[in-house]
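The structure appears below as structure tokens.
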Amino acid sequence: PLVTDEHGTRIYRLEITDVDNVRMGTYGYMDAKGLYRQVHYLADATGFHVYVCTNEPGTETSYPADAVIHMHHWEKVDPDSTLGRLLAKLPLVTPATTGSVEARKRRKAAAGHTNTFS
Numbered sequence: 001p002l003v004t005d006e007h008g009t010r011i012y013r014l015e016i017t018d019v020d021n022v023r024m025g026t027y028g029y030m031d032a033k034g035l036y037r038q039v040h041y042l043a044d045a046t047g048f049h050v051y052v053c054t055n056e057p058g059t060e061t062s063y064p065a066d067a068v069i070h071m072h073h074w075e076k077v078d079p080d081s082t083l084g085r086l087l088a089k090l091p092l093v094t095p096a097t098t099g100s101v102e103a104r105k106r107r108k109a110a111a112g113h114t115n116t117f118s
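Structure representation (structure tokens):
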């Protein structure tokens with residue numbers, strides 16, 4: 001569900017769990033000035049994997065530990081712009097079809113993917 005606070009900040013959170021107790025989720029916010037952070041995560045037998053997408057000042061694209069932080073090149077998003085209106089309709093991520101952890105690993109390995117969110 002998307003909530004807007006008294007300062008105009010839009011906040012959302014969504015989490016699903018499959019029969020193998022694999023949890024996938026997303027949460028984030030966009031403030032009234034257009035700064036935003038989106039966090040997408042997967043928690044399974046292999047650990048907690050996270051992908052962060054933000055335009056917050058002072059961040060840059062990096063790959064610490066088992067996380068991906070993607071910095072957008074603009075400093076802020078106008079809430080009335082096309083992207084701002086899209087972000088207002090969060091969540092932006094549709095959870096992938098989940099199966100067993102082992103089946104997902106085999107599919108990713110066969111496709112040559114190393115990132116959990118690829």
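The sequence shown: position 96 = 96 (UniProt numbering), numbered continuously. Glycine included, C-beta positions come from ideal geometry on N, C-alpha and C.
Span of the beta strand (DSSP E) around residue i
i, result
"Asp44", "36-44"
"Val22", "Counting along the chain, Val22 falls outside any beta strand (DSSP E), and DSSP gives it neither H nor E."
Inter-residue CB distance, residue i and residue j (contact presumed, cutoff 8 angstroms)
i, j, result
"Leu42", "Asn55", "Not really, about 23 angstroms apart at Cβ, beyond 8 angstroms."
DSSP three-state assignment for residue i, whether helix, strand or coil
i, result
"His7", "coil"
"Thr61", "coil"
C-alpha distance - residue i paired with residue j, whole-angstrom precision
i, j, result
"Asp31", "Asp5", "9 angstroms"
"Gln38", "Gly25", "11 angstroms"
"Phe48", "Ile16", "14 angstroms"
"Ala45", "Thr59", "30 angstroms"
Beta bridge counterpart(s) of residue i as assigned by DSSP
i, result
"Glu56", "DSSP, once it has assigned bridges, lists no residue as partnering Glu56."
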